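Data first, discussion second: the structure below is written as structure tokens.
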């Protein structure tokens, strides 16, 4: 379950992670009673990424402009989701922006800290800057400082950003979360740090232990038994440590990535140990897809993130990159299924063409491989006609795609 930004920030506030003064806006008239001094930024509260590029984030200087902007944002769907509320937040002048995340590695089944010196809207384009540190023993500030050093931070920033990571990790463990992300973490010219945007993904199976998260989502909690099985870093550390003593810890240590070129840019393959190849666009979507496959009992063999779709304005550019990504994840002979989870509202034809071309080449080479294609928005009948008899399963949701991939890989 993905929380909205304002919900995530309420959790940040509890952990003393610095956030800006903000106010929830349920309708444009609420802005007449705004308690935050102008200028402010109005943000659409939807779960989709890319809100700024879609027009869901606007800076305003006065009440008249704010009401007009709010009316526009409330009527703006982003990936077909209309916001029910907006977040009005004080404007912040950041000198630098970083990316930070704590997530559960689905293969190694242990938390991983991620960080990049290049955060913000273009973080997906700087994936090669992403650093990671696996938490393979009981957490200590050492892990956070190690990430800071790998990110290349210096001086007082090492301590101030490390402190944020420690609080993110504590939130991650105490709430049994799947993901805590801050993007960007703004750094002012004076060195002040501020969580300017945040994402929290709760584990649905663990909601039974967290009524505060249930109240945020309105969901019905499950027993939580599955969460204990899935997240070894639950609040019961003694149980986790006991498990560690009986089984050797497995390092999150993917093999060095290989790369090929497409349109002058390289794609990076991260190899794991399984039989399902994964092709996605975006860091968060890639991690969510890995998690979904692991949750269904499958094992990813590798993954490729083709990056933000915004860069594919040229005709055929997305198709070429998706085609190159398919070749890359399918080069491992242990891959039985490729899960393609590329979210786009308007470029399904290019992705379908890439899958068709790839499978036709494999058929000529007598290599039998299946593709599970998640299409969130498309004319399914037209896609089926295009695919013909090729071994492609079409799914609508990520859970369906993960389940189909795991079933086909057996």
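Residue numbers (our numbering): 86 to 495. Cβ coordinates follow ideal geometry from the N, Cα and C atoms, glycine included. Note that this is a predicted model, so its numbers are computed, not measured.
| Item | Value |
| --- | --- |
| Collapsed DSSP secondary structure at residue 212 in the structure displayed | helix |
| Check whether residue 491 and residue 383 have beta carbons under 9 Å apart | yes |
| Cβ-based burial, residue 163 [other Cβ within 10 Å; buried from 16] | buried |
| Min CB distance residue 188 to chain C below 9 Å | In the displayed structure, chain C is absent; only one protein chain is listed. |
| Simplified DSSP assignment, three categories, for residue 121 | coil |
| Bridge partners - residue 128, DSSP secondary structure assignment | 142 and 172 |
| Start-to-end residues for the alpha helix (DSSP H) that takes in residue 190 | Run containing residue 190: none in the alpha helix (DSSP H); it sits in the beta strand (DSSP E), 181 to 190. |
| Between the CA atoms of residue 102 and residue 484 - distance to the nearest angstrom | 32 Å |
| Residue closest to residue 224, alpha-carbon to alpha-carbon, out of 207, 195 and 208 | 195 |
| Supposed contact pair residue 427 and residue 415 - C-beta distance, whole angstroms, cut 8 Å | Their Cβ separation, rounded to whole angstroms, is 15 Å, which puts residue 415 and residue 427 out of contact at 8 Å. |
| Buried or exposed (CB count within 10 angstroms, at least 16 for buried), residue 286 | buried |
| Through-space distance from residue 99 to residue 234, alpha-carbon basis | 27 Å |
| Buried or exposed by the 16-neighbour rule on C-beta atoms within 10 Å, applied to residue 464 | exposed |
| Exposure label - residue 489; buried when at least 16 CB within 10 Å | buried |
| Cα-Cα separation, residue 131 to residue 458 | 24 Å |
| Sufficient close CB pairs (3 or more, under 8 Å) joining the region 441 to 455 to the region 370 to 382 | no |
| Between the CA atoms of residue 114 and residue 274 - distance to the nearest angstrom | 35 Å |
| Neighbourhood of residue 270 by C-beta distance below 8 Å, restricted to the same chain and skipping five residues each side | 182, 183, 184, 185, 204, 246, 249, 278, 279, 280 and 281 |
| Nonlocal neighbours in the same chain, by C-beta distance under 8 Å from residue 361, ignoring five residues either side | 378, 383, 384, 385, 386, 420, 421, 422, 423, 424, 490, 491 and 494 |
| Where the alpha helix (DSSP H) containing residue 412 begins and where it ends | 402 to 415 |
| Test item: CB-CB of residue 242 and residue 267 under 9 Å | no |
| Assigned secondary structure, residue 224 (DSSP; H/G/I helix, E/B strand, else coil) | coil |
| Spatial distance of residue 96 from residue 298 (CA atoms) | 9 Å |
| Residues near residue 168 in its chain [Cβ-Cβ closer than 7 Å; skip 5 each side] | 129, 130, 131, 158 and 159 |
| Integer-rounded CB distance, given that residue 263 should sit under 8 Å from residue 188 | 7 Å |
| Boundaries (first-last residue) of the beta strand (DSSP E) holding residue 425 | 422 to 426 |
| Rounded C-alpha distance that separates residue 148 from residue 177 | 19 Å |
| Nearest neighbour of residue 354, chosen from 374, 301, 366 and 410 [CA to CA] | 410 |
| Cβ neighbours of residue 265 in the same chain (closer than 7 Å, five flanking residues each side left out) | 186, 187, 253, 256, 257 and 285 |
| Per-residue burial, residue 201 [other beta carbons within 10 Å of its own, 16 or more giving buried] | buried |
| Distance, residue 374 Cα to residue 482 Cα | 11 Å |
| Paired residues, beta bridge with residue 284 - DSSP | 266 |
| Chain-order list of residues whose beta-carbon lies under 8 Å from that of residue 364 (same chain, five-residue window excluded) | 388, 389, 391, 407, 410, 411, 414, 423, 424, 425, 426 and 427 |
| Sub-9 Å separation of residue 88 and residue 292 beta-carbons | no |
| Residue 107: first and last residue of the uninterrupted beta strand (DSSP E) it sits in | 107 to 110 |
| Bounding residues of the beta strand (DSSP E) (the contiguous stretch that carries residue 245) | Taken as a continuous stretch (DSSP letters only), residue 245 belongs to no beta strand (DSSP E), being part of the alpha helix (DSSP H) at 241 to 259. |
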